[in-house]
Amino acid sequence: MWALKSYNCEHCGSDFISGRALKYHFQQKHLGEVHHEKCDQDVLRETPQRHSEPTRDRSTMETHKLHWENLEERNVKYMATKISKTCRMCSRHFGTVLSRENHEIREHHFTARKRAQMSAGFSPHNMLECKGPQELRRFADRHICPASGSQRAACAAEVGALLQLIQESFPVPASRVIQGGSYVKGTDTQGSSEIDIVLLSKASADVNHYFKKQLRDGLETLRENLKRTAYGNRILMGRRTPLSLRFSFLCTESLHSHSVEIMAYYDVLGPTPSTDLKRHLYRKLYLCEDSDEAQLCALGLLPYQVDFVKASVVRLKELIRLMIHWLQTSFAGPTEENKFRRLPSSYSLELLTIYIWERAEKPLSFSLLQGLRAVLKLLVQYVDIDVVWHRHYHRKFPVFVKVNQKRTRPFILDPVNPTVNVCDTCNAWDEVAHVAKLSLRKPLFSGVRAEPPWLFTDAW
Numbered sequence: 114m115w116a117l118k119s120y121n122c123e124h125c126g127s128d129f130i131s132g133r134a135l136k137y138h139f140q141q142k143h144l145g146e147v148h149h150e151k152c153d154q155d156v157l158r159e160t161p162q163r164h165s166e167p168t169r170d171r172s173t174m175e176t177h178k179l180h181w182e183n184l185e186e187r188n189v190k191y192m193a194t195k196i197s198k199t200c201r202m203c204s205r206h207f208g209t210v211l212s213r214e215n216h217e218i219r220e221h222h223f224t225a226r227k228r229a230q231m232s233a234g235f236s237p238h239n240m241l242e243c244k245g246p247q248e249l250r251r252f253a254d255r256h257i258c259p260a261s262g263s264q265r266a267a268c269a270a271e272v273g274a275l276l277q278l279i280q281e282s283f284p285v286p287a288s289r290v291i292q293g294g295s296y297v298k299g300t301d302t303q304g305s306s307e308i309d310i311v312l313l314s315k316a317s318a319d320v321n322h323y324f325k326k327q328l329r330d331g332l333e334t335l336r337e338n339l340k341r342t343a344y345g346n347r348i349l350m351g352r353r354t355p356l357s358l359r360f361s362f363l364c365t366e367s368l369h370s371h372s373v374e375i376m377a378y379y380d381v382l383g384p385t386p387s388t389d390l391k392r393h394l395y396r397k398l399y400l401c402e403d404s405d406e407a408q409l410c411a412l413g414l415l416p417y418q419v420d421f422v423k424a425s426v427v428r429l430k431e432l433i434r435l436m437i438h439w440l441q442t443s444f445a446g447p448t449e450e451n452k453f454r455r456l457p458s459s460y461s462l463e464l465l466t467i468y469i470w471e472r473a474e475k476p477l478s479f480s481l482l483q484g485l486r487a488v489l490k491l492l493v494q495y496v497d498i499d500v501v502w503h504r505h506y507h508r509k510f511p512v513f514v515k516v517n518q519k520r521t522r523p524f525i526l527d528p529v530n531p532t533v534n535v536c537d538t539c540n541a542w543d544e545v546a547h548v549a550k551l552s553l554r555k556p557l558f559s560g561v562r563a564e565p566p567w568l569f570t571d572a573w
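Residue 173 in my numbering is what sits at position 60 of the sequence shown, and the numbering runs on without skipping anything.
Listed below in structure tokens is the structure:
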């Protein structure tokens with residue numbers, strides 16, 4: 114059977130059946146355009162000067178789209194940013210992942226050899242150097258698992274006091290406070306503990322621009338108020354972002370710290386939303402073209418994201434911690450050359466690990482070594498990742514149907530938000546696959562073969 118050759122437009126990612134059709138498309142849509150480096154967009158040749166003038170709609174998008182890394186509700190940034198189609202070397206955006214990859218090879222000479230040089234960076238104390246499951250268990254207890262017992266209880270008390278202080282210091286009354294992050298879900302590690310706090314104010318859906326601005330300005334006031342509290346000397350403020358406040362909080366007599374991120378908005382869903390109200394929000398998110406609005410509206414879904422992961426059995430959370438540790442200790446840091454590279458979010462790995470566990474028929478007790486091997490083997494075959502849950506939206510829901518028709522792999526649809534492929538926050542899945550393949554050759558997996566209930570991984 115003959116395969117049809119397609120002609121791809123490098124500017125917008127559209128495909129055509131002939132070179133003539135591609136030429137006509139280029140003349141009609143892109144002729145006379147130049148790529149404006151400062152704002153990273155294609156503009157008319159005669160208007161680049163005017164185009165570089167600041168605009169309110171673009172300011173947040175350009176400064177925020179590639180640098181939002183720690184907030185738990187990862188999906189809020191995915192709707193408009195599509196990092197997967199952004200060049201990891203120059204940050205230029207393309208219509209398709211294939212166009213982006215072709216650009217990286219042609220313009221930046223990003224060959225397989227160069228990828229191998231820039232991707233792996235195993236830490237000297239990586240768990241992959243362990244020899245066997247017993248040594249892995251001891252390593253996890255000593256270096257990965259968070260504190261337990263009285264120390265964990267003391268930590269919970271301090272975090273609770275901090276939350277109360279934040280509510281008292283925020284100038285706008287909050288009718289509801291929701292929390293997320295690895296600490297709340299129980300997937301935190303010794304080296305990574307995130308707490309996400311969303312302050313929700315009671316207001317009608319037709320809130321005006323002034324009210325939204327009041328909430329954002331309230332975060333700046335909160336920053337100054339926290340500095341003057343008794344906890345001020347234990348709070349290390351981070352970079353101010355347009356929509357959130359970030360800082361590190363030193364806990365239990367400075368033995369460890371938490372990465373805290375705070376956002377504020379009006380309560381879109383309320384504590385017990387109806388099915389119709391959630392569907393209305395999904396439609397709004399799907400149609401929304403304002404990146405700020407989409408990010409803020411999606412905050413109401415945070416409790417459901419947390420519950421989805423938090424409900425995992427203890428053993429599964431231990432496996433999730435191993436994957437987070439692998440992500441943090443196996444990759445080389447970005448350089449000036451690939452400074453726009455973005456690896457998968459921890460939320461993406463949490464969901465992928467849950468999916469693998471479900472494929473193994475949800476065992477309550479299992480070998481962490483076998484589970485870790487299974488997740489890494491799937492990452493090597495990342496183009497086969499195609500994951501959907503239907504607990505919050507059904508198969509015939511119009512928004513899901515439209516998103517599903519346009520899906521590109523790897524594809525992990527957020528289990529509580531049918532508008533978001535969580536894999537779109539990564540533009541380096543090929544690097545992830547390369548590092549996963551190298552990881553499987555490490556001493557930890559020497560001589561290891563699939564055992565029940567992980568035999569399905571033999572097909573990978």
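Glycine included, every Cβ here is placed at the ideal spot set by N, Cα and C.
Under the 10 Å beta carbon count, Lys515 is surrounded by fewer than 16 other beta carbons and is classified as exposed. The beta carbons of Leu312 and Ala377 sit closer together than 7 Å.
In the same chain as Ser478, and ignoring 5 residues on each side of it, the C-beta atoms closer than 7 Å to its own belong to Arg428, in chain order. Given a length threshold of 3 residues, each whole run of the beta strand (DSSP E) inside the segment 258 to 344 is given here in chain order: 289 to 293, 307 to 314. Shown here, Leu526 sits in a strand according to DSSP, grouped into three states.
Taken through DSSP and simplified to helix, strand or coil, Met240 comes out as helix.
Residues of the same chain with a CB within less than 8 Å of the CB of Ala287, apart from the 5 flanking positions on each side, are Gln280, Leu312, Leu313, Ser314, Ala377 in chain order. Residue pairing by DSSP places Tyr378 opposite Leu313 in a beta bridge. Taking the Cα positions, Gly245 is about 31 Å away from Ser370. With a minimum length of 4 residues, the unbroken runs of alpha helix (DSSP H) contained wholly in the segment 441 to 484 fall at 459 to 472. Within the same chain, Pro246, Leu249, Arg250, Ala253, Arg428, Glu431, Leu432, Leu435 come within 8 Å of Leu481 by CB-CB distance, once the 5 residues on both sides are set aside.
Taking 7 Å as the cut-off, the beta carbon of Trp573 is found no closer than this to the beta carbon of Gln483. Below 8 Å, enough C-beta pairs join the segment 339 to 346 and the segment 267 to 286 to call them touching: three or more. Residue pairing by DSSP places Cys200 opposite no residue, since no beta bridge is assigned to it. When Lys325, Cys258, Gln264, Leu335 are compared, the shortest CA-CA separation from Leu276 is found for Leu335. Per the C-alpha coordinates, the member of Arg392, Ala225, Thr199, Met350 positioned closest to His507 is Arg392. Note on geometry: alpha-carbon atoms of Glu474 and Ala424 lie some 16 Å from one another. The alpha-carbon separation between Thr385 and Tyr417 amounts to approximately 11 Å. Glu471 sits exposed, since fewer than 16 C-beta atoms from the chains shown fall within 10 Å of its C-beta.
By the criterion of a C-beta distance shorter than 7 Å, Phe513 is surrounded in its chain by Tyr506, Pro531, once the five residues flanking it on both sides are discounted.
If you draw a straight line from the Cα of Thr300 to the Cα of Glu449, it is about 32 Å long. As computed with DSSP, Ile218 is found in no beta bridge at all. If you look at Ser361, you'll find it in the beta strand (DSSP E) that goes 358 to 364.
Contact between Ser387 and Ser372 does not hold, since their C-beta atoms are separated by about 34 Å, which reaches or exceeds 8 Å. If you ignore the 5 residues before and after Ala487, its C-beta comes within less than 6 Å of the C-beta of Ile469, Trp567, Thr570, all in its own chain and listed in chain order. For Ile218, the closest C-alpha among the options Thr209, Cys200, Ser232 is that of Cys200.
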